[in-house]
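Structure, as structure tokens:
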Amino acid sequence: MVSTTRCPQISRFCTKSKEPPIPVNPLKEVYSANHQVENGIIYDKKPFKMRLEAGKIYSWCLCGRSRGQPFCDATHRNVYLKIKQRPIRFTVTETKEYWLCNCKQTLNRPFCDGTHKRADIQEKKV
Ligand code: FES
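Count along the sequence shown from 1, then add 22; that gives the number in our numbering.
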């Protein structure tokens, strides 16, 4: 008989994953900018890890042109650049380190969801 309690990590009954769950923006339904369909240009092909404070509101750059990545520096307001994307306002419920998307293609803005690993993104020149 095989015991599932001795080595729970390899048990087929184990539902625990080594990867922490991807956080969700609690402000997702509050700001309409979160429902923008178009993504910005790729700033980097890998995410940025940073410590975020619980309850603080951040503006994540979606257009990919901010010089203060991963946050918005209002470059999208330059009328000559004709940028359609607006920044994503977000917060976190726990003070800790988070992976923020830098490829600007994540499906879970502003957090990295692994979309940057797609071949078409990795092959693009930035
Ligand atoms: S950096 Fe964009 S999904 Fe990971």
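Just so it is clear, CB atoms sit at the ideal spot from N, CA and C, and this is done for glycine as well.
C-beta atoms of residue i and residue j nearer than 8 Å
i	j	result
residue 126	residue 84	yes
residue 81	residue 48	no
residue 105	residue 87	yes
residue 78	residue 121	no
residue 69	residue 124	yes
residue 65	residue 148	yes
Cβ distance (whole Å) where residue i is taken to contact residue j below 8 Å
i	j	result
residue 55	residue 117	Not really, about 24 Å apart at Cβ, beyond 8 Å.
residue 92	residue 42	Not quite, the Cβ-Cβ distance comes to about 19 Å (not below 8 Å), so this is no contact.
Which residues end up in the neighbourhood of ligand 1 when you take C-beta atoms closer than 5 Å to any of its heavy atoms? 69, 123, 124, 125, 128, 134, 137, 138
Of all the beta strand (DSSP E) runs that stay within the bounds of the segment 84 to 119, which reach a length of 3 or more residues? 110 to 112
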